[in-house]
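Chemist: Per the UniProt record's numbering: the sequence shown = residues 1 to 136.
Backbone N, C-alpha and C fix where the C-beta goes; we use that ideal spot for every residue, glycine too.
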Amino acid sequence: LRIKVCSIEQTEKCKGSRASPEIKQQILKFHRTAREDKPIEWDCKLEQIARSTTKDATTRINAEKVNKKRGLNFFEYDEEDRKQFTKAGDIVKFVLDYWWSSERYARCIMDDKNIMKLGCSYKDDKVFLFDCVYKK
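1) Between the C-alpha atoms of residue 89 and residue 66, what's the straight-line distance to the nearest angstrom?
2) Between which two residues does the alpha helix (DSSP H) containing residue 44 stretch?
3) Among all the DSSP beta bridges, which residues are the ones paired with residue 133?
4) Work out the CA separation of residue 74 and residue 60 for me, nearest whole Å.
5) I'd like to confirm the pairing. Which residues does DSSP put opposite residue 128 in its beta bridges?
6) Residue range of the alpha helix (DSSP H) that residue 112 falls in?
7) Just to confirm my understanding: we take residue 13, look at its own chain, exclude 5 residues before and 5 after, and list those with CB closer than 8 angstroms. What are they?
8) By Cβ distance below 6 angstroms, which residues in the same chain neighbour residue 123 in space, the five residues on each side in sequence not counted?
9) Under the rule that 16 or more other beta-carbon atoms within 10 Å means buried, what is residue 25, buried or exposed?
10) Roughly how many whole angstroms lie between the Cα atoms of residue 132 and residue 80?
11) Mapping DSSP to helix, strand and coil, what is residue 4?
12) Helix, strand or coil for residue 22? Go by DSSP, reduced to three states.
13) Thinking C-beta only, is residue 18 closer than 8 angstroms to residue 51?
Now the structure itself:
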């Protein structure tokens, strides 16, 4: 069994990235642990697609920017939600936990053994927009 492990160095090179290397590592670690170490790696092109969904958005992502052949999970964390968490890393953890435990569609994408790459982005504005794009 060979497992590809992604380090912070492998995730920090994406041009225009909004997510810090630590948050990218947090996302990868969550996926690897939840998926019982099924291999997955960060992809800068997928991160760019995820980032494009929030480019002109203020309260909702633009899912039309994502090809239907790709998996997409997204979450809009509004002002009311922000009373619970305010830091990006805490919100990302909350969303990943929510997707895995409460969203059947999101969990199916996250746990699909054929999914080998992902890229995520967020926009920290009035509403915290967070999304991940997945590729087989």
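Modeler: Here's the rundown:
1) 24 angstroms
2) 44-52
3) DSSP, once it has assigned bridges, lists 72, 119 as partnering residue 133.
4) 9 angstroms
5) 77, 124
6) Per DSSP, residue 112 belongs to no alpha helix (DSSP H) and is neither H nor E.
7) 44
8) 54, 129
9) buried
10) 22 angstroms
11) With a pLDDT of only 43 at residue 4, under 50, the local geometry of the prediction cannot be trusted, and the value read off the model is given with reservation. In the three-state scheme derived from DSSP, where H, G and I count as helix and E and B as strand, residue 4 is classed as coil.
12) helix
13) yes
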